[in-house]
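Under my numbering, the sequence shown is numbered contiguously, ending at residue 417. Think of the CB as a built atom: it goes at the ideal place given N, C-alpha and C, for glycine as much as any other residue. Only a predicted model underlies this, so the values are computations on that prediction, with no experimental measurement involved. One structure below.
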Amino acid sequence: MIFCFTSLVMLKKSVIVIGAGAWGGWSAYCLQKAGCQVTLVDKSSPGNAFSGSGGKTRVIRMAYGGNEIYTEMVDRSFQLWDDFCELTGEQVIHPKEALWMFNGISSTYAELSQPLMQKRGFALDEISLADLAQRYPQINLEGITSAYIEPKAAYLEASRSCSLVKTEFEKLGGRFVQAEIAKIEGDGKIDALITADRERLKADHYVFACGPWMKNLFPSLALYINVTRQEVYYFDAPANHLGDHLPIWLEFRAGDEMYYGIPDHLQQGFKLAYDQRDWALDPDRDDRDLTATIFEQMNSVLAQRFPALKGAGLHHHHTCVYENSLDGEFIMDNAPSFSNGIILCGSSGHGFKVGPAVGEMVADLITQTKPFPSFFALDRLKGLTRVKSQFEVGLGQIN
19 MIFCFTSLVM
29 LKKSVIVIGA
39 GAWGGWSAYC
49 LQKAGCQVTL
59 VDKSSPGNAF
69 SGSGGKTRVI
79 RMAYGGNEIY
89 TEMVDRSFQL
99 WDDFCELTGE
109 QVIHPKEALW
119 MFNGISSTYA
129 ELSQPLMQKR
139 GFALDEISLA
149 DLAQRYPQIN
159 LEGITSAYIE
169 PKAAYLEASR
179 SCSLVKTEFE
189 KLGGRFVQAE
199 IAKIEGDGKI
209 DALITADRER
219 LKADHYVFAC
229 GPWMKNLFPS
239 LALYINVTRQ
249 EVYYFDAPAN
259 HLGDHLPIWL
269 EFRAGDEMYY
279 GIPDHLQQGF
289 KLAYDQRDWA
299 LDPDRDDRDL
309 TATIFEQMNS
319 VLAQRFPALK
329 GAGLHHHHTC
339 VYENSLDGEF
349 IMDNAPSFSN
359 GIILCGSSGH
369 GFKVGPAVGE
379 MVADLITQTK
389 PFPSFFALDR
399 LKGLTRVKSQ
409 FEVGLGQIN
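Printed below as a string of structure tokens:
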């Protein structure tokens, strides 16, 4: 009898992941953990300041307007973030309740979120304005018509967690390469990636999580993705507006206006941002300086909603880059024109927190051929012209 032994190394699927932000980093980590031979490529450092995953913090919350897919992804991500903190001994998720405020508009988004959250052991409790005023007297509730408390929300350390994920990925045997991908070589199937230094990188599978640079490699995606600037401000604040004295907060207004903030923000000041998707940004050419008109608008909102912060000094400013699909939902699909490529994009504003779940889904697709939900398919965007955000009520179901 003749036995034929094949090296386990030969059986490993090789994967190149492009982009070391939240989605790319977690995909590389989960793939390496699942037994693949993974190379993670980024032209800079993980979660760098110019990327979509840069900056100090991101909010993680379960409320998702009745969308079961996202709710399940956040639930799983909460578990994986906690597991990661236990593994590393580093606390990158900080529990903090979130306050949802609706200014003269329907609270349908919150109402539809409640049953899916309750099913998973999370709550979103309506609070009377009288009780809210007593609970957080620092907040001026003028114009607010309804409010909800999400007790089990949290904020994540963004850049720091990206760096830690990369470190754990390397501990598992993964390889990190700092290089810029200039070209995809192949016809119908990717043969190799060509770097700006003309190095050829080859693998069985390729995962593209390039954020605002995705359109450079896949020009056809320009029809479905918008890249915009998101200015975030950090104000000096008195002690009773920091730490445990205030929650994470979100305020929804008519016309798709949404403001949000994190009060304690790692000793970096009172974080305030306006979720606006209209200010176009070229991530390589445009400056990221403070915009005077946006700064004035932020000061006005701050003074109205938190009167004690009127005229507060600016601690510092950061311009994030947003990369969103036309309908505000994620794009997770096969790469256009290439059978062995996967694209992950359209996620800014709500994608960071589910990086762990996305990583698992990518690993399941490549190692177990478990498909992504069709809800994230690129084809859904063909012919779509109206731009919306993920906060418009959706009813996506798992399939």
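DSSP beta-bridge partners of residue i
| i | result |
| --- | --- |
| residue 57 | 34, 193 |
| residue 218 | 212 |
| residue 166 | 118, 144 |
| residue 242 | The partner list for residue 242 (beta bridge, DSSP) is empty, contrary to what the question assumes. |
| residue 112 | 173 |
| residue 337 | 249 |
| residue 201 | 212 |
| residue 363 | 349 |
| residue 223 | 33 |
| residue 267 | 117, 279 |
| residue 139 | In the DSSP output, where bridge partners are listed per residue, residue 139 has none listed. |
| residue 332 | 253 |
| residue 343 | 243 |
Buried/exposed call for residue i, threshold 16 Cβ in 10 Å
| i | result |
| --- | --- |
| residue 368 | buried |
| residue 223 | buried |
| residue 259 | buried |
| residue 289 | buried |
| residue 23 | At residue 23, the pLDDT of 35 sits below 50, so the modelled position is not reliable; the number obtained from the coordinates is stated separately. Residue 23 is exposed by the Cβ-count criterion. |
| residue 281 | buried |
| residue 189 | exposed |
| residue 74 | buried |
| residue 320 | buried |
| residue 126 | exposed |
| residue 216 | exposed |
| residue 240 | exposed |
| residue 38 | buried |
| residue 413 | Its pLDDT being 32, under 50, residue 413 is placed unreliably in this model, and the coordinates cannot settle the point. |
| residue 218 | exposed |
| residue 60 | buried |
| residue 214 | exposed |
| residue 131 | buried |
| residue 27 | Interpretation of residue 27 is limited by its pLDDT of 43, a score under 50 that renders its predicted location unreliable; no figure is taken from the coordinates. |
| residue 62 | exposed |
| residue 203 | exposed |
| residue 182 | buried |
| residue 362 | buried |
| residue 318 | exposed |
| residue 146 | exposed |
| residue 354 | exposed |
| residue 137 | exposed |
| residue 311 | exposed |
| residue 164 | buried |
| residue 148 | exposed |
Beta-carbon spacing of residue i, residue j below 8 angstroms
| i | j | result |
| --- | --- | --- |
| residue 172 | residue 113 | yes |
| residue 365 | residue 41 | yes |
| residue 297 | residue 279 | no |
| residue 291 | residue 351 | no |
| residue 161 | residue 121 | yes |
| residue 103 | residue 110 | yes |
| residue 47 | residue 377 | yes |
| residue 306 | residue 337 | yes |
| residue 390 | residue 207 | no |
| residue 384 | residue 272 | no |
| residue 225 | residue 360 | yes |
| residue 97 | residue 187 | no |
| residue 115 | residue 169 | yes |
| residue 371 | residue 134 | no |
| residue 301 | residue 68 | yes |
| residue 375 | residue 79 | no |
| residue 347 | residue 309 | no |
| residue 295 | residue 242 | no |
Supposed contact pair residue j and residue i - C-beta distance, whole angstroms, cut 8 angstroms
| i | j | result |
| --- | --- | --- |
| residue 344 | residue 299 | Contact flag wrong, Cβ pair sits at about 17 angstroms. |
| residue 227 | residue 35 | 7 angstroms |
| residue 333 | residue 254 | 5 angstroms |
| residue 156 | residue 264 | 6 angstroms |
| residue 373 | residue 44 | 4 angstroms |
| residue 57 | residue 221 | 7 angstroms |
| residue 313 | residue 251 | 7 angstroms |
| residue 81 | residue 128 | 6 angstroms |
| residue 177 | residue 72 | 6 angstroms |
| residue 244 | residue 342 | 5 angstroms |
| residue 158 | residue 322 | 6 angstroms |
| residue 229 | residue 70 | 4 angstroms |
Test: residue i CB closer than 8 angstroms to a CB of chain D
| i | result |
| --- | --- |
| residue 263 | Among the protein chains of the structure shown there is no chain D, as only one such chain exists. |
field: Continuous alpha helix (DSSP H) assignments of at least 4 residues falling wholly in the region 61–87
entry: Annotation note: the region 61–87 contains no uninterrupted alpha helix (DSSP H) run of length 4 or greater.
query: Enumerated in chain order, which unbroken segments of the beta strand (DSSP E) with a length of 3 residues or greater are wholly contained in the region 275–321?
result: Annotation note: the region 275–321 contains the following uninterrupted beta strand (DSSP E) runs of length 3 or greater, listed N- to C-terminal: 275–280, 288–292.
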